[in-house]
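Numbering (full-length UniProt numbering), first residue to last: 1 to 96.
See structure below.
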C-alpha cells in the first residue's frame, strides 16, 4: 500500500501532500477519518525513514478519480528521530 502513495512536497513550507487510491486506503482501514489518516501518515513516515513529526491537516476525496489526498504539516523542530519501521512477520506475531 505504501508504494502506491504519491508524495508532493511544498518547497517553501513544511506541507506535504500524499495522494493514494481510495480503495487501497479502505482495504486497510474501516473508516476514512482523521485518526485513520494519521495512522497511515505515521506509518508512511516510519517506513520511508522521514524526519519530522507529521500532523494531518486535511483529507479530501476525488470520487471521480478514486483518489484521496491527505494534507500533512510536518514539524521538524525536535532533537530525536522516529523509530525505524519494522514489518511484522508471522514468526514475530505468533510469539506475542
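Note that the Cβ used here is the ideal one computed from N, Cα and C, for glycine as well.
These numbers were taken from a predicted model, which means no experiment stands behind them.
Label residue 70 either buried or exposed according to how many other C-beta atoms from any shown protein chain fall within 10 Å of its C-beta, with 16 as the threshold for buried.
For the purposes of this step, residue 70 is identified with residue 70 of the chain shown, where counting begins at 1. Residue 70 is buried by the Cβ-count criterion.
Hey, out of 17, 11, 2, 10, whose CA is closest to residue 59's CA?
By one-based count along the chain shown, residue 59 stands at place 59. For the residues 17, 11, 2, 10, the minimum Cα distance to residue 59 belongs to 17.
Whose C-alpha, out of 34, 27, 48, 35, is nearest the C-alpha of residue 6?
Residue 6 sits at position 6 when you count from the first residue of the chain shown. Closest by alpha carbon: 48.
Below 8 Å on the Cβ atoms is my contact criterion, and I expect residue 14 with residue 74 to pass it. Report the Cβ-Cβ distance as a whole number of Å.
The residue you call residue 14 lines up with position 14 of the chain shown. The residue you call residue 74 lines up with position 74 of the chain shown. With a beta-carbon spacing of about 5 Å, residue 14 and residue 74 fall inside the 8 Å limit used to define contacts.
Can residue 42 and residue 76 be called in contact, C-beta distance under 8 Å?
Within the chain shown, numbered from 1, the residue matching residue 42 stands at position 42. Within the chain shown, numbered from 1, the residue matching residue 76 stands at position 76. Against a cut-off of 8 Å, the Cβ pair of residue 76 and residue 42 comes out as no contact.
Quick check on residue 2: buried or exposed, where buried means 16 or more other Cβ atoms within 10 Å of its Cβ?
Here residue 2 refers to the residue found at position 2 when the chain shown is read from its first residue. It is exposed - the Cβ of residue 2 has fewer than 16 other Cβ atoms within 10 Å.
May I ask you to list the residues that DSSP assigns as paired with residue 18?
As a working mapping, residue 18 is identified with position 18 in the chain shown. Per DSSP, 7, 70.
Cβ of residue 12 versus every heavy atom of the ligand ATP: is any distance shorter than 7 Å?
For the structure depicted, the ligand ATP is absent and the ligand set is empty, with no information on it obtainable.
Expected contact under 8 Å - CB spacing of residue 24 and residue 4 to nearest Å
Counting from 1 along the chain shown, the entry for residue 24 is found at position 24. Counting from 1 along the chain shown, the entry for residue 4 is found at position 4. 5 Å between Cβ atoms; contact.
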